Amino acid sequence: MEIKASNYKPNEILRFIRQNSNMTQEQLAQAIGKSKNWVKNNEQGLNRYFFEDLIKIANICNVDIVIKDKKNK
8 MEIKASNYKP NEILRFIRQN SNMTQEQLAQ AIGKSKNWVK NNEQGLNRYF
58 FEDLIKIANI CNVDIVIKDK KNK
């Protein structure tokens, strides 16, 4: 499945990646070395994660992050 990240909020992207990988918040938290509350708060939009966190999550969940130049579609 492919999504256009610019159509979503950061918390929605995190939730999408986790759910699409069939992981619970607890499982993802353990995999990335964070607390379940960290995952929950980021998914609720209460906190903001760093790009390096997103890269780590994407690697664990076997998801590619692609950055495209809008001028050269």
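In the working numbering, each residue's number is its place in the sequence shown (first place is 1) plus 7. Every residue, glycine too, gets a C-beta built ideally from N, C-alpha and C. Keep in mind the model is a prediction, meaning the values are calculated, not measured.
- The Cβ-Cβ distance between residue 72 and residue 65 falls below 9 Å.
- Every alpha helix (DSSP H) stretch that sits fully inside the region 12-70 and reaches 4 residues is listed by chain position as 17-27, 32-39, 43-50, 58-67.
- Around the C-beta of residue 53, fewer than 16 other C-beta atoms lie within 10 Å, and the residue is accordingly described as exposed.
- By the Cβ neighbour-count rule, residue 24 is buried, with 16 or more other Cβ atoms within 10 Å of its own.
- C-alpha of residue 42 to C-alpha of residue 33: approximately 8 Å in a straight line.
- Put simply, of 40, 17, 21, 15 the residue whose alpha carbon is nearest the alpha carbon of residue 70 is 21.
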